[in-house]
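Chemist:
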Amino acid sequence: MWKALRWPLFALLFAIMLLMAALYTQLASDDTTDDSTEEVPVGQLPHITPSPTLEIVEPTAIPTVEIAPGETLLKPVPGQLTEALVGRISKINPLYAEFNPVDRDITSLIFEGLTTINQYGEVVPDLAERWEVSKDGLEYIVAIRRDVLWQDGIPFTSADVRYTIDAIRDPDFQGNASLAEFWKTVEVAVIDDYTMRFRLVQPLASFPEQLRMGIVPFHVLQGYPVKDLHKHPFNLTNPIGTGPYQVESLLSIVGKGEIAGISLRVAPTYRQRPEGQTGYSIDRIVFYTYDTIDQAIAAYVQGEVNSIGQIDTDKLASLRGLPHLAVYNTTLPAVGVLIYNWNRDGIRYVRDQRLRQAFAYGMDRVGAVQRTLGIKAIPANSPLIPGSWAYDPNAVYPSPDVNAANALLNTVSFESPSTPEPTPTETGSEPTPETAPPDATPSATPEPSATPEPVRRSFTILVFDDPALTALAQDLATQWAALNFTVTVEAVDRATLRQRLEDGDFDTAIVEFSFAPYADPDPYTFWHVGQAEDGQNYGAMRDLRLSELLQQARRETIGINRVYLYKEFQRLFVERAPALTLYYPVYSYVTDDRLENVQVGFITTPADRFRTLQDWIWAAE
């Protein structure tokens, strides 16, 4: 009898041992101990390692499916989102990801900052618990959360924040130079493991958003030379963050070895935090990278991916008719503006508010944008971004009225060598020394040159050599002809455009001012008089009342007061028309319509599309 039963008993004993081992592994995973500290493996497409976070599951392979045009796309894998990104994975490190959209998308899910933004662009705590601001706006005391672990189980503390900032402002830092320069002006002190003090040289209301940068782990990177940090293996093979997702595996093409994607899974350490204990039905995200948007579109059509991270609106036509297609649109954090060169003697009349108001009446901006840019953009009224807490929908230009435009033009002199403002611009307070150039004066009108150029009713629109933008400029030129102006369009490459703007070598220009990667609505660098020399006030626009409002708004730490100041700025901007706002570029995100609860609202970068990822879920069959 023993001989008859020994093999079944051995099998039963072996099964019990396997079950105990599985339970031990699961408990170890829940306690976030060992497995997340191992170097991330480089897998082979199309196989993906299963997630060990909540339960033991069978490996999920991505099948190759041949489909005919119009045939149903690949059935979604429960708990998994597969997305196409255009570009290549380079450094999964927030200190170096800013200029690579693919890296930025991925790091946004792995790393966190002390702060983040909500759907209105307001700054809210993330790794910080709260902060307090001194009455003079110079000192911030930040309390850090005590319930946060790195994905290898080590507690997150002030040391990690201090290390991150010290690395950024190190002379050998190889990342964003402007970010490094900013942090060199901030005094940083660690009060204890969970409290920090930041002291500024002057008040800056947007400072809490500067704390949005991703924090990297001190215990992993300490001692490594900052000049070589961009080459650290951490950046690709074993990135460790505090965010909701951690790297499961890098994916490479069979036989080639080059990285073609990455698989992320919900981090066990994040599941232990209050915000991670519910939601995150999307347990795994697989990103495949492609060299071109056309390749990404082909992957979507063939059912290889469920979504495309960003797609040009003029490419959407190639997806029409596909089943289960969902397109989410919002505006990018940028505004297209027609600016005048206030220092150009030949068109010195642009300093006259009546002339600028006449142009505002005479231009059908909305029609021009709709005719030429189509679904690539939406018409803009405000110099601020819609969806922002500071945006005022009531600040609008007057409706087109050629008669009103001509009536105003009849009051403008085109003969005088210098035309003062008939209704003086409010001077307000003179810009402070730290923001104004040495020669800044309270006058709203620049001094004429010694030998002024004769006034001419002809000028040129400088524009980037893009078919749609060139068509927009041509449309505006045609409208100006009806006001008895001869306007030509000069389209140039991007480098030439930038150089000529910086040199002030233009009459008028269509410029796209970007707020990215910031949510704060501060347009100081675009319009303040002190930014005519070294900022992006390329046309040397000088309206000291507008400059005063911008200066006050960036120093005011009380939110409701900032709202008022920016509303007043927008009202006066439209009234005085120092430039003509034209359009907001559109961002489009393509997904399968069976993916529910996707919301793409106010964004500072396309990575913000994941803000509501916690709520995304595949529809039940």
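Final position of the sequence shown in our numbering is 635; the numbers increase by one with none missing. Heads up, the beta-carbon is just placed ideally off N, CA and C, and yes, glycines get one too. Bear in mind that the values here come from a model prediction, so they are computed numbers and not experimental data.
In angstroms, rounded to a whole number, what distance separates the CA positions of P524 and L596?
Modeler: Numbered from its first residue, the sequence shown carries residue 524 at position 510. Numbered from its first residue, the sequence shown carries residue 596 at position 582. Looking at the sequence shown, residue 524 is not Pro but Ile. C-alpha separation (whole angstroms): 9 Å.
Chemist: Assign G202 to one of three DSSP states: helix, strand, or coil.
Modeler: Taking the first residue of the sequence shown as 1, we reach residue 202 at position 188. The sequence given here has Val at residue 202, not Gly. Strand, per DSSP.
Chemist: How is the beta strand (DSSP E) around D366 delimited, first residue to last?
Modeler: As a position in the sequence shown, residue 366 is number 352, starting the count at 1. Careful: D366 lies outside any beta strand (DSSP E) and carries neither H nor E.
Chemist: Out of K581, L352, L336, which has the shortest C-alpha to C-alpha gap to G553?
Modeler: Reading the sequence shown from its first residue, position 539 is the one you call residue 553. Cα-wise, what sits closest to G553 is L352.
Chemist: How many Å lie between P213 and E223 at the Cα?
Modeler: One-based indexing of the sequence shown puts residue 213 at position 199. One-based indexing of the sequence shown puts residue 223 at position 209. One point to set straight first is that residue 213 is Arg, not Pro, in the sequence displayed. Whole-angstrom Cα-Cα distance: 15 Å.
Chemist: Assign D521 to one of two classes, buried (16 or more other C-beta atoms within 10 Å of its C-beta) or exposed (fewer than that).
Modeler: As a first step, residue 521 is located in the sequence shown; it is residue number 507 there, counting from the start. With 16 or more other Cβ atoms within 10 Å, it is buried.
Chemist: For the stretch 522–554, which segments carrying the alpha helix (DSSP H) assignment without a break, of at least 4 residues, lie completely within its bounds, in sequence order?
Modeler: 538–541
Chemist: On the criterion of 16 or more Cβ atoms from any shown chain inside 10 Å, does T306 qualify as buried, or is it exposed?
Modeler: As a working mapping, residue 306 is identified with position 292 in the sequence shown. That one is exposed.
Chemist: With H, G and I counted as helix, E and B as strand and the rest as coil, what does DSSP make of T345?
Modeler: Within the sequence shown, the letter at position 331 stands for residue 345. Of the three classes helix, strand and coil, the one that applies to T345 here is strand, per DSSP.
Chemist: Could you tell me which residues DSSP pairs with Q260 in its beta bridges?
Modeler: Position 246 of the sequence shown holds residue 260. For Q260, the pairing in a beta bridge is given by DSSP as R279.
Chemist: Throw me the rounded Cβ distance for the L422 and Y375 pair, which I believe falls under 8 Å.
Modeler: Numbered from its first residue, the sequence shown carries residue 422 at position 408. Numbered from its first residue, the sequence shown carries residue 375 at position 361. Indeed, because the Cβ distance is near 7 Å, the residues count as touching under 8 Å.
Chemist: Pull up the CB-CB distance for R226 and T130, whole angstroms please, since I reckon it's below 8 Å.
Modeler: The count along the sequence shown starts at 1 and reaches residue 226 at position 212. The count along the sequence shown starts at 1 and reaches residue 130 at position 116. Going by Cβ atoms, the distance from R226 to T130 rounds to 6 Å, so yes, they are a contact pair.
Chemist: By the DSSP assignment, the beta strand (DSSP E) with D606 in it spans what residues?
Modeler: On the sequence shown, residue 606 is found 592 positions in, with the first residue counted as 1. Start and end: 593–606.
Chemist: Does I572 pass the burial test, meaning 16 or more other C-beta atoms within 10 Å, or should it be called exposed?
Modeler: Walking along the sequence shown from the start, residue 572 turns up at place 558. Burial call: exposed.
Chemist: Classify I120 as helix, strand or coil using the three-state DSSP reduction.
Modeler: For the purposes of this step, residue 120 is identified with residue 106 of the sequence shown, where counting begins at 1. I120 falls in the helix class under three-state DSSP.
Chemist: Which whole runs of the alpha helix (DSSP H) in the stretch 393–430 are 4 residues long or more, in chain order?
Modeler: 416–423
Chemist: Just curious, the alpha helix (DSSP H) that Y177 is in, first and last residue?
Modeler: Against the sequence shown, residue 177 aligns to sequence position 163. From DSSP, the alpha helix (DSSP H) with Y177 extends over 172–182.
Chemist: Checking the sheet assignment: what are the DSSP bridge partners for R298?
Modeler: In the sequence shown, residue 298 corresponds to position 284, counting from 1. Paired residues: Q94, R279.
Chemist: From the DSSP secondary-structure annotation, give me the bridge partner or partners of L476.
Modeler: Mapped onto the sequence shown, residue 476 falls at position 462. DSSP output for L476 lists E504, A523 as bridge partner(s).
Chemist: Could you name the residues of the same chain whose beta carbon sits closer than 8 Å to that of K105, not counting the 5 residues immediately before and after it, in chain order?
Modeler: By one-based count along the sequence shown, residue 105 stands at place 91. If we look at K105 and ignore the five residues flanking it on each side, its Cβ neighbours are A111, N114, D117, H244, N249, L250.
Chemist: Tell me which residues share the same chain as Y259 and place their Cβ nearer than 7 Å to its Cβ, disregarding the 5 neighbours each side in the sequence.
Modeler: Position 245 of the sequence shown, counting from 1, holds the residue named residue 259. Within the same chain, Y259 has close Cβ partners L123, I124, L278, R279, V280, A281, I299.
Chemist: Taking F221 as part of the alpha helix (DSSP H), name the residues at either end of that continuous run.
Modeler: Within the sequence shown, residue 221 is the residue found at index 207, counting from 1. 221–224 is the span of the alpha helix (DSSP H), which, as asked, contains F221.
Chemist: Whole angstroms is fine: what's the gap from G151's alpha carbon to A219's?
Modeler: For the purposes of this step, residue 151 is taken as residue 137 along the sequence shown, with counting starting at 1. For the purposes of this step, residue 219 is taken as residue 205 along the sequence shown, with counting starting at 1. Spanning the two alpha carbons is a distance of roughly 8 Å.
Chemist: So, at 6 Å on beta carbons, what are the nonlocal neighbours of G135 in its own chain, with the 5 sequence-adjacent residues on each side left out?
Modeler: For the purposes of this step, residue 135 is taken as the residue at position 121 of the sequence shown. Cβ neighbours of G135 beyond the five flanking positions: S402, W403, A533, F616.
Chemist: So, with DSSP's three-state summary, where would you put R9?
Modeler: With the chain covering only 15 through 635, there is no way to say anything about residue 9.
Chemist: What would DSSP say about S7, mapped onto helix, strand or coil?
Modeler: In the structure as shown, the chain starts at 15 and stops at 635, and residue 7 therefore has no counterpart that could be examined.
Chemist: Considering just the uninterrupted stretch of the alpha helix (DSSP H) at F212, what are its terminal residues?
Modeler: What you label residue 212 is simply residue 198 of the sequence shown in a count that begins at 1. Element bounds for F212: not the alpha helix (DSSP H) but the beta strand (DSSP E), 209–213.
Chemist: For T484, which residues in the same chain have their Cβ closer than 7 Å to its Cβ, ignoring the five residues on either side in sequence?
Modeler: One-based indexing of the sequence shown puts residue 484 at position 470. Cβ within range, chain order: V477, V503, A505.
Chemist: Pull up the distance between the alpha-carbon of N417 and that of N355, whole angstroms please.
Modeler: For this step, residue 417 is matched to residue 403 along the sequence shown. For this step, residue 355 is matched to residue 341 along the sequence shown. C-alpha separation (whole angstroms): 26 Å.
Chemist: By a C-beta neighbour count over all protein chains shown, 10 Å radius and 16 as the cutoff for buried, is Q216 buried or exposed?
Modeler: Taking the first residue of the sequence shown as position 1, residue 216 is located at position 202. So Q216 counts as exposed.
Chemist: Spell out the partners DSSP gives G350 in its beta bridges.
Modeler: Numbered from its first residue, the sequence shown carries residue 350 at position 336. Note: G350 sits in a beta bridge opposite E526, Y597.
Chemist: What residue does the alpha helix (DSSP H) around T386 start on, and which one ends it?
Modeler: Looking up residue 386 in the sequence shown gives position 372. Run containing T386: 379–386, per the alpha helix (DSSP H) assignment.
Chemist: What is the rounded straight-line gap between the Cα of P414 and the Cα of P400?
Modeler: Reading the sequence shown from its first residue, position 400 is the one you call residue 414. Reading the sequence shown from its first residue, position 386 is the one you call residue 400. Roughly 22 Å separates the two Cα atoms.
Chemist: Going by C-alpha distance, which of L339, A372, A409 is nearest S602?
Modeler: Residue mapping note: residue 602 aligns to position 588 of the sequence shown, counting from 1. Selected option, being the one with the closest Cα: L339.
Chemist: Measuring alpha carbon to alpha carbon, tell me which of R334, V380, V426 ends up nearest R362.
Modeler: Looking up residue 362 in the sequence shown gives position 348. Measuring from the Cα of R362, the nearest candidate turns out to be V426.
Chemist: CA-CA distance, R512 and F232?
Modeler: For the purposes of this step, residue 512 is identified with residue 498 of the sequence shown, where counting begins at 1. For the purposes of this step, residue 232 is identified with residue 218 of the sequence shown, where counting begins at 1. Straight-line spacing of the CA atoms in R512 and F232 works out to 39 Å.
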